[in-house]
Amino acid sequence: MKKYRFALIGCGRISKNHIAAAIANQDIMKLVAVCDPVAERAEKKAADLATGTGEKPAVYADYHKMLDEMDIDCCAVATESGYHARIALDCIRAGRHTLVEKPMALNTADAEQMIREAKQHGVTLGVCHQNRFNAPVQQLHKALEAGRFGKLVSGSARILWNRTMPYYQQAPWRGTWAQDGGTLMNQCIHGIDLLQWSLGGQPDTIMAMTGNYLRDIEAEDFGAILIRFKNGAVGMVEGTACIYPKNLEETLSISGETGTAVIGGLAVNRIETWNFAKSAAQDAEVAKLAGTDPKDVYGSGHNTLYRNFIHAVDTHTEPLVSGTEGIKGLKIILAAYKSQKTGQPVKYDGLNFSTLDMAHDDVKVD
Ligand SMILES: NC(=O)c1ccc[n+]([C@@H]2O[C@H](COP(=O)([O-])OP(=O)(O)OC[C@H]3O[C@@H](n4cnc5c(N)ncnc54)[C@H](O)[C@@H]3O)[C@@H](O)[C@H]2O)c1
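Position in the sequence shown (from 1) plus 1166 gives the number in my numbering.
Below, the structure written as structure tokens:
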């Protein structure tokens, strides 16, 4: 297999996970360029990569110039969320396979266009929902695919985290409708993606109450969502950035006729409950995972996610988190926003909504 040549666009906080993935996957990829208009950030990432691989990538401030000048197969987009769609579309149109940070876009029209154009240009589109690769989550999916749960009844995603004002003040885009959205869109989208993936992946109706309780930002710092899936199962989301005094847990629980699984810990990486009517070979592997819980809430999933993306590019198959998969969590959150705004349940199919359709008054709780 050839080594795929990557460029990283956006060298902020999450870029360290992309650099780590590039170092971990040196056998199948080479990060040849990094780009950020803030020169010292791009230089720092170039130096980090050089420390890990012995080779310094090219450094750019302008990704258009980089796309014109460099021989690149794949781009990773890790800028503020509001720029993802525009930059990803530029990469796709330049014929580059594109891996975009979550959320893939901030409205349904942009996300649908990204999926459509990736197909038209014959390139692979992936979205960074790296928690799907957490070992306990992979085991849960093995159990779901084997039908061990029987009839699915319900599931929940509880994201009980803390983000204080210094977090939001790190950069002006955080917590804005134009560039970010609130805690559902930024922090909880991973848990919501896991919930929808586990409960059948076909949402039908969404109802929500969201609110801005404590943080001085435009968007919500709390959200509760109910999701009815086409298979009848019901998903519940409790997502908050307001837990005092620090991150408490991110937990996914799935319940069916003949099985219950709960994966908790700080970021859905520790098996808490694993009860099935019938035992199976995988139970021994699950037992080995008991007690593990990485300290970093981002986990190490980017490494595996990159590997999966590169193999998909190489074999002309879909990555585990393709654009078609990545849009689902986004649409559930946009539907939740619409439900908060209108006070009504919202149908998933045909949804056309943007974070820009929300205003501070839609969520402010005095
Ligand atoms: N997968 C995850 O778990 C995870 C975790 C954290 C953040 N994220 C996502 O990653 C994205 C970035 O988050 P962050 O915390 O790193 O933000 P950040 O503000 O620290 O970094 C964003 C960087 O993008 C750069 N940038 C802006 N426009 C650019 C352009 N045209 N070309 C190149 N670079 C440009 C900015 O200068 C900045 O350095 C967000 O969308 C966020 O939701 C994902």
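Think of the CB as a built atom: it goes at the ideal place given N, C-alpha and C, for glycine as much as any other residue.
These numbers come from a predicted model, not from an experiment.
Original post:
Within 8 Å: the Cβ of Gln1296 and any heavy atom of ligand 1?
Top reply: Residue mapping note: residue 1296 aligns to position 130 of the sequence shown, counting from 1. Under cutoff, so the answer is yes.
**OP:** Between the Cα of Asn1297 and those of Leu1291, His1482, Asn1474, spot the shortest distance and give me the residue it belongs to.
**Re:** Counting from 1 along the sequence shown, the entry for residue 1297 is found at position 131. With respect to the C-alpha of Asn1297, the residue from Leu1291, His1482, Asn1474 having the closest C-alpha is Asn1474.
Original post:
Assuming Gly1176 and Asp1202 make a contact with CB atoms under 8 Å, what is their CB distance in whole Å?
Top reply: Along the sequence shown, one-based indexing puts residue 1176 at 10. Along the sequence shown, one-based indexing puts residue 1202 at 36. The pair is a contact, with the Cβ atoms about 6 Å apart (cut-off 8 Å).
Subject >> Distance, His1250 Cα to Val1243 Cα >> reply: Counted from its first residue, the sequence shown places residue 1243 at position 77. Counted from its first residue, the sequence shown places residue 1250 at position 84. Each residue's Cα considered, the two are about 7 Å apart.
**OP:** State the start and end residues of the unbroken beta strand (DSSP E) segment that holds Thr1376.
**Re:** If you number the sequence shown from 1, residue 1376 lands on position 210. Following the DSSP letters along the chain, one finds Thr1376 inside the beta strand (DSSP E) bounded by residues 1369 to 1377.
Original post:
When you compare each of Ile1194, Arg1179, Ala1173, Arg1262 to Thr1470 by their alpha carbons, which one comes out closest?
Top reply: Position 304 of the sequence shown, counting from 1, holds the residue named residue 1470. When only C-alpha atoms are compared, the closest one is Ile1194.
Subject >> Spatial distance of Arg1329 from Ala1323 (CA atoms) >> reply: Locating residue 1329 in the sequence shown gives position 163, counting from the first residue. Locating residue 1323 in the sequence shown gives position 157, counting from the first residue. Ala1323 has its alpha-carbon roughly 18 Å from the corresponding atom of Arg1329.
Subject >> Backbone secondary structure at Trp1363 - three-state DSSP >> reply: Locating residue 1363 in the sequence shown gives position 197, where the first residue counts as 1. Looking at Trp1363 - three-state DSSP - the assignment turns out to be helix.
Original post:
Do Ala1399 and Leu1365 have their C-beta atoms closer together than 9 Å?
Top reply: Counting from 1 along the sequence shown, the entry for residue 1399 is found at position 233. Counting from 1 along the sequence shown, the entry for residue 1365 is found at position 199. Cβ distance < 9 Å, so Ala1399 and Leu1365 count as in contact.
Subject >> Presumed contact (8 Å Cβ cut-off) between Val1225 and Glu1209, rounded CB distance >> reply: Taking the sequence shown and counting its residues from 1, one reaches residue 1225 at position 59. Taking the sequence shown and counting its residues from 1, one reaches residue 1209 at position 43. Contact holds; Cβ gap of about 6 Å.
Original post:
Which word fits Gly1357, buried or exposed, when buried means at least 16 other C-beta atoms lie within 10 angstroms of its C-beta?
Top reply: Locating residue 1357 in the sequence shown gives position 191, counting from the first residue. It counts as buried.
Subject >> Where the alpha helix (DSSP H) containing Phe1475 begins and where it ends >> reply: Start at 1 with the first residue of the sequence shown, and residue 1475 comes out as number 309. 1467 to 1481 is the extent of the alpha helix (DSSP H) around Phe1475.
**OP:** With hydrogens ignored, establish whether the beta-carbon of His1287 is closer than 8 Å to any heavy atom of ligand 1.
**Re:** Within the sequence shown, the letter at position 121 stands for residue 1287. For ligand 1, not one heavy atom lies less than 8 Å from the Cβ of His1287.
Subject >> Sub-9 Å separation of Leu1418 and Val1303 beta-carbons >> reply: Residue 1418 sits at position 252 when you count from the first residue of the sequence shown. Residue 1303 sits at position 137 when you count from the first residue of the sequence shown. Cβ atoms of Leu1418 and Val1303: closer than 9 Å.
**OP:** Compare the Cα-Cα distances from Thr1490 to each of Asp1523, Lys1285, Lys1308 and report the closest residue.
**Re:** To locate residue 1490, count along the sequence shown from 1; it is residue 324. It is Lys1285.
Original post:
Touching or not, the stretch 1493 to 1510 and the stretch 1268 to 1282, by the rule of three or more beta carbon pairs under 8 Å?
Top reply: A contact between stretches requires three or more CB pairs, one per stretch, nearer than 8 Å, and the stretch 1493 to 1510 meets this requirement with the stretch 1268 to 1282.
**OP:** State the Cα-Cα distance for the pair Thr1290 and Met1524, rounded to the nearest angstrom.
**Re:** The residue you call residue 1290 lines up with position 124 of the sequence shown. The residue you call residue 1524 lines up with position 358 of the sequence shown. Going by the C-alpha atoms only, they are around 31 Å apart.
Subject >> Span of the alpha helix (DSSP H) around Leu1522 >> reply: By 1-based counting over the sequence shown, the position of residue 1522 is 356. It is not in any alpha helix (DSSP H) - Leu1522 carries neither H nor E in the DSSP assignment.
Original post:
For ligand 1, any of its heavy atoms closer than 8 Å to the Cβ of Lys1268?
Top reply: Counting from one through the sequence shown, the residue named residue 1268 turns up at place 102. Because some heavy atom of ligand 1 lies under 8 Å away, the Cβ of Lys1268 counts as near it: yes.
**OP:** Work out the CA separation of Gly1516 and Lys1497 for me, nearest whole Å.
**Re:** Sequence index remark: in the sequence shown, residue 1497 carries index 331 (1-based). Sequence index remark: in the sequence shown, residue 1516 carries index 350 (1-based). Distance between Lys1497 and Gly1516, taken at the CA atoms: about 10 Å.
**OP:** Thinking Leu1414 and Leu1350 are a contact (beta carbons under 8 Å), I'd like their distance in whole angstroms, please.
**Re:** What you label residue 1414 is simply residue 248 of the sequence shown in a count that begins at 1. What you label residue 1350 is simply residue 184 of the sequence shown in a count that begins at 1. Not confirmed; about 17 Å, so no contact.
Original post:
Exposed or buried, which one is Val1204 when buried takes at least 16 other CB atoms within 10 Å?
Top reply: Translated into positions along the sequence shown, residue 1204 becomes position 38. By the neighbour-count definition (other C-beta atoms within 10 Å, threshold 16), Val1204 is an exposed residue.
Original post:
For His1263, which residues from the same chain have a beta carbon less than 7 Å from its beta carbon, with the 5 sequence-adjacent residues on both sides left out?
Top reply: For the purposes of this step, residue 1263 is identified with residue 97 of the sequence shown, where counting begins at 1. Excluding residues up to 5 positions away in sequence, Asp1239, Cys1240, Val1289, Thr1290, Val1479 lie with their Cβ nearer than 7 Å to the Cβ of His1263 in the same chain.
Subject >> DSSP three-state assignment for His1132, whether helix, strand or coil >> reply: Nothing can be reported for residue 1132: it is not among the residues displayed for the chain, which extend from 1167 to 1532.
Original post:
Counting pairs of Cβ atoms below 8 Å between the stretch 1503 to 1518 and the stretch 1332 to 1340, do you hit three or more?
Top reply: The stretch 1503 to 1518 makes no contact with the stretch 1332 to 1340, as fewer than three CB pairs between them are under 8 Å.
Original post:
What's the gap between the Cα of Phe1395 and the Cα of Arg1314?
Top reply: Within the sequence shown, numbered from 1, the residue matching residue 1395 stands at position 229. Within the sequence shown, numbered from 1, the residue matching residue 1314 stands at position 148. So the two alpha carbons sit approximately 19 Å from each other.
**OP:** Put Lys1513 into one of helix, strand or coil per three-state DSSP.
**Re:** Sequence index remark: in the sequence shown, residue 1513 carries index 347 (1-based). In the structure shown, Lys1513 sits in a strand (DSSP, three-state: E or B).
Original post:
In terms of DSSP beta bridges, what is Lys1196 paired with?
Top reply: As a first step, residue 1196 is located in the sequence shown; it is residue number 30 there, counting from the start. Beta-bridge pairing links Lys1196 to Arg1171.
Subject >> DSSP bridge partner residues for Thr1426 (one or two, in chain order) >> reply: Here residue 1426 is taken as the residue at index 260 of the sequence shown, counted from 1. Its beta-bridge partners are Ser1421, Asn1441.
**OP:** From the DSSP output, read off the bridge partner residues of Gly1313.
**Re:** To locate residue 1313, count along the sequence shown from 1; it is residue 147. Within the DSSP bridge table, the entry for Gly1313 names no partner.
Subject >> Per-residue DSSP class, three states only, for Met1270 >> reply: Here residue 1270 is taken as the residue at index 104 of the sequence shown, counted from 1. Coil.
**OP:** Quickly, what does DSSP pair His1263 with across the bridge? List them, please.
**Re:** For the purposes of this step, residue 1263 is identified with residue 97 of the sequence shown, where counting begins at 1. Looking at the DSSP assignment, His1263 forms a beta bridge with Cys1240.
Subject >> His1287 beta carbon less than 9 Å from that of Ile1253 >> reply: Here residue 1253 corresponds to residue number 87 of the sequence shown, with the count starting at 1. Here residue 1287 corresponds to residue number 121 of the sequence shown, with the count starting at 1. Not in contact: Ile1253 and His1287 (Cβ atoms no closer than 9 Å).
Subject >> Pick from Leu1306, Lys1196, Leu1265 that is closest to Val1434, judged by C-alpha positions >> reply: Counting from 1 along the sequence shown, the entry for residue 1434 is found at position 268. For Val1434, the nearest C-alpha among the options comes from Leu1306.
Original post:
Relative to ligand 1, is the shortest distance from any of its heavy atoms to the C-beta of Ala1187 smaller than 8 Å?
Top reply: Taking the first residue of the sequence shown as 1, we reach residue 1187 at position 21. Because no heavy atom of ligand 1 lies under 8 Å away, the Cβ of Ala1187 does not count as near it: no.
**OP:** With DSSP as the reference, please indicate the residues paired to Cys1408 in a beta bridge.
**Re:** Looking up residue 1408 in the sequence shown gives position 242. Its beta-bridge partners are Asn1328.
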